[in-house]
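A.B. asks:
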Amino acid sequence: MLIKESHADVQTTANGKTTSMRIFLFHPTIPGYPNARFPGVVLFSEIYQVTGPVTRFARQIAGQGYIVAAPSSYHDFTGPEPLAYDVPGTDQGNEWKITKTLESYDEDVTQTVSYLLSLPTCTGRLGATGMCLGGHLALRAALHPKISSTVCYFATDVHARTLGPNSGANTSSTAPPNSNHTLDLLSRIAGEVSMIFGIKDTHVPDAGRDLIRQKLREAGVMFSFHEFAWAQHAFIRDELSKGRYDPAITKVCFEVLQEQFGRVLKTELGESDGKKQEVEHVC
Numbered sequence: 007m008l009i010k011e012s013h014a015d016v017q018t019t020a021n022g023k024t025t026s027m028r029i030f031l032f033h034p035t036i037p038g039y040p041n042a043r044f045p046g047v048v049l050f051s052e053i054y055q056v057t058g059p060v061t062r063f064a065r066q067i068a069g070q071g072y073i074v075a076a077p078s079s080y081h082d083f084t085g086p087e088p089l090a091y092d093v094p095g096t097d098q099g100n101e102w103k104i105t106k107t108l109e110s111y112d113e114d115v116t117q118t119v120s121y122l123l124s125l126p127t128c129t130g131r132l133g134a135t136g137m138c139l140g141g142h143l144a145l146r147a148a149l150h151p152k153i154s155s156t157v158c159y160f161a162t163d164v165h166a167r168t169l170g171p172n173s174g175a176n177t178s179s180t181a182p183p184n185s186n187h188t189l190d191l192l193s194r195i196a197g198e199v200s201m202i203f204g205i206k207d208t209h210v211p212d213a214g215r216d217l218i219r220q221k222l223r224e225a226g227v228m229f230s231f232h233e234f235a236w237a238q239h240a241f242i243r244d245e246l247s248k249g250r251y252d253p254a255i256t257k258v259c260f261e262v263l264q265e266q267f268g269r270v271l272k273t274e275l276g277e278s279d280g281k282k283q284e285v286e287h288v289c
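In our numbering, each residue carries its 1-based index in the sequence shown increased by 6.
Here you go:
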């Protein structure tokens, strides 16, 4: 499927501050069908904003028939240009990640969802995905009632409640009082979620992944949980991944995304009958 690329600058207001957020758009096209309509996908980037690898990932998704909108998360502090995959870029991205407020992150979701829904070529069915910081933001986007399918790649900071301003890691299974952290809001998710991790990911250790799985189950979320034995952090990044890029596992994970998005976003399921599925215990 062919793709047209463009961008739009939208206004966001959070914490009493209004800024301009650039949304990079990757739109599928079918020659001869100018009125074709497609589901939308919000794609959140890692801490470096919309880089080359993120752009290529967006094109892959758009090529399967989805309108992909990739917001620049750090519009509170800088322009839409990506940060470099080097030590200064990493340090800056990590600093902004915890300086930006959860309110601002949530406003980004609201504005990107609204932008997709404003497009006459969008069916109104929306999903979310992302990697690293973006994996967490995709999971947080799943709290939005319009997001019905979410695929998160190695989502950081979920298990430790360390996205946005915080006083330090908190990996308790009990929610802090009045918590607005993603881990403690999972019961609000109405759609389906797939979590993808590498077992050798030092950013989200065994106990962290176990906690996320436990909290998803307790919250009653419809979810799949995938762990790959040899995958490290950033294993889908095909550029400057410090030797961690694994194209074979990346391909498998893209199949996970295609299956879930295709089933949930492209299929017209109608309203659920609300009946609990009984699974037979048979061989």
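In this text, a Cβ means the ideal position worked out from N, Cα and C, and glycines have one as well.
1. Would you mind sorting residue 189 into buried or exposed? The rule is 16 or more other CB atoms within 10 Å of its CB.
2. Report, in whole angstroms, the separation of the C-beta atoms of residue 239 and residue 207, which I expect to be a contact under 8 Å.
3. Identify, in the order they occur along the chain, each residue of the same chain with its Cβ nearer than 6 Å to the Cβ of residue 250, setting aside the five sequence neighbours on each side.
4. Once DSSP output is grouped into helix, strand and coil, what is the label at residue 82?
5. Are the CB atoms of residue 7 and residue 71 within a distance shorter than 7 Å?
6. May I have the straight-line CA-CA distance separating residue 145 from residue 65, to the nearest angstrom?
7. At 3 residues or longer, what runs of the beta strand (DSSP E) sit wholly inside the region 225-259?
8. Between the region 123-143 and the region 153-167, are three or more C-beta pairs nearer than 8 Å?
9. Can residue 34 and residue 44 be called in contact, C-beta distance under 7 Å?
10. Can you tell me whether residue 115 is buried or exposed, with buried defined as 16 or more other CB within 10 angstroms of its CB?
11. Tell me which residues share the same chain as residue 229 and place their Cβ nearer than 6 Å to its Cβ, disregarding the 5 neighbours each side in the sequence.
12. Could you tell me the boundaries of the beta strand (DSSP E) in which residue 117 lies?
13. Compare the C-alpha of residue 141 against each of 205, 162 and 218 and name the closest.
14. Using a 10 Å radius around the Cβ and a threshold of 16 neighbouring Cβ atoms, would you call residue 124 buried or exposed?
15. Just to confirm my understanding: we take residue 264, look at its own chain, exclude 5 residues before and 5 after, and list those with CB closer than 8 Å. What are they?
16. Secondary structure at residue 160, three-state DSSP: helix, strand or coil?
17. Between residue 127 and the rest of its own chain, which residues show a CB-CB distance below 6 Å, the 5 nearest in sequence each way excluded?
18. Could you name the residues of the same chain whose beta carbon sits closer than 7 Å to that of residue 117, not counting the 5 residues immediately before and after it, in chain order?
19. Using the three-state DSSP reduction, which class does residue 264 fall into: helix, strand or coil?
20. Can at least three beta-carbon pairs, one atom from the region 162-176 and one from the region 102-109, be found at a separation below 8 Å?
21. With a CB to CB cut of under 6 Å and the five nearest residues on each side skipped, what residues in its chain are close to residue 76?
22. For residue 180 and residue 165, which I take to be in contact (beta-carbon distance under 8 Å), what is that distance rounded to the nearest angstrom?
23. Is it buried or exposed, residue 83, if we count other Cβ atoms within 10 angstroms and call 16 or more buried?
24. Going by C-alpha to C-alpha distance, which of 243, 150 and 112 sits closest to residue 193?
25. Report back the beta-carbon spacing between residue 68 and residue 153 to the nearest angstrom; my notes put them in contact at under 8 Å.
C.D. replies: Once the coordinates are examined:
1. buried
2. Correct: roughly 4 Å between the Cβ atoms.
3. Cβ within range, chain order: 238, 240 and 241.
4. coil
5. yes
6. 21 Å
7. 228-234
8. yes
9. A contact, by the Cβ cut-off of 7 Å.
10. Of the residues assessed, residue 115 falls on the buried side of the cut-off, its CB having 16 or more other CB atoms within 10 angstroms.
11. 199 and 222
12. Looking at the DSSP string, residue 117 is not in any beta strand (DSSP E); the run it does join, the alpha helix (DSSP H), is 108-124.
13. 162
14. exposed
15. Beyond the five residues adjoining it in sequence on each side, residue 264 comes within less than 8 Å, by CB distance, of 70 in the same chain, given in chain order.
16. Residue 160: coil per DSSP, three-state reduction.
17. 43
18. 16, 18 and 27
19. helix
20. yes
21. 30, 49, 56 and 64
22. Wrong, their Cβ atoms sit about 14 Å apart, outside the cutoff.
23. exposed
24. 150
25. No, residue 68 and residue 153 are not in contact; Cβ-Cβ is about 18 Å, not under 8 Å.
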